[in-house]
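First comes the structure, then the notes that go with it.
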Amino acid sequence: MNRGTIQVICGEGKGKTSSALGMGIEALTKNRTVIMIQFLKGCQGRGSLEIMKRLEPEMKIFRFEKCDGLFENLSMERQEEERMNIRNGLNFARKVVSTGECDMLILDEILGLLDQGILEAEELIKLLQSKVDEMEVVLTGKIFSKKIEPYVDSILEINHVKVDNTK
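See below:
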């Protein structure tokens, strides 16, 4: 039996979501099923979401947040509302992980939930431990928590490096 991996794409650079999408598309070319759950994206960038939705029904993409703005820019009251929406997304992720509903699950910006204090590292570890053996899980976010390192198979760090082209 094939043991699915847990992969992390993190760092300050751009391209974490795009890299995860690329991994998802590669999985689709191998007739595997893919679900992506996006966190902390709000409703902004609906154009990009509409383009990603064109991958359906082969790749299913979910966002549970309702606000247009970024989470950290919302009022405390709106943040609390969004926390409930995000919790719904996390509950859905738990269901997908424990039932093996797909071959690859991409949890886009889930590491940001740790930064925002919406999710505790122990909660994420429990989610990862409950995955069915064959499922691949991809986690993205800027900051990688060392607490989850023992549960991860690979880490891809994307950094922003300014290149001096004047030489």
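Read the sequence shown against UniProt numbering and you will find it ends at 167, with the numbers running on by one and no gaps. Glycine is no exception: its CB is placed at the ideal position from the N, C-alpha and C atoms. Keep in mind that this is a model prediction, so the values were computed, not measured.
- Less than 8 Å separating the beta-carbons of Asp103 and Arg32? Going by C-beta atoms, Asp103 is nearer than 8 Å to Arg32.
- Query: Does the beta-carbon of Leu113 have 16 or more other beta-carbons within 10 angstroms, so that it is buried, or is it exposed?
  - Reply: buried
- Per DSSP, which one or two residues make a beta bridge with Arg87? When DSSP reads this structure, Arg87 sits in no beta bridge, so it has no partner.
- Query: Using the rule of at least 16 other Cβ atoms within 10 Å of the residue's Cβ for burial, across every protein chain shown, is Met1 buried or exposed?
  - Reply: Because the pLDDT of Met1 is 38, which lies under 50, any placement of that residue in the model is unreliable, and the number read from its coordinates should be weighed accordingly. Looking at its Cβ environment, which holds fewer than 16 other Cβ atoms inside 10 Å, Met1 is exposed.
- Which of helix, strand or coil does DSSP assign to Ser154? strand
- Message: Nearest by alpha-carbon distance to Ala93: which of Glu77, Gly13, Glu123 and Lys66 is it?
- Response: Glu123
- Item | Continuous alpha helix (DSSP H) stretch holding Gly24: start and end | Lys16 to Thr29
- Task: Starting from Ile106, follow the beta strand (DSSP E) in both directions and report where the run begins and ends.
- Result: Met104 to Asp108
- Output the boundary residues of the beta strand (DSSP E) element that contains Ile61. Looking at the DSSP string, the run of the beta strand (DSSP E) that includes Ile61 is Met59 to Arg63.
- Query: Roughly how many angstroms separate the alpha carbons of Glu72 and Arg78, rounded to a whole number?
  - Reply: 10 Å
- Item | Phe39 to Val163 span [Cα, whole Å] | 31 Å
- Query: What is the rounded straight-line gap between the Cα of Asp133 and the Cα of Thr166?
  - Reply: Asp133 and Thr166: Cα-Cα distance of roughly 50 Å.
- Message: Just to confirm before moving on: does the CB-CB distance between Val8 and Gly24 stay below 8 Å?
- Response: Result no, Cβ atoms of Val8 and Gly24 do not sit closer than 8 Å.
- Item | Residue range of the unbroken alpha helix (DSSP H) whose run includes Glu123 | Ala121 to Gln129
- Task: Could you give the DSSP three-state label for Gln116: helix, strand or coil?
- Result: coil
- Message: Would Ser154 and Thr5 be called neighbours here (beta carbons separated by less than 8 Å)?
- Response: yes
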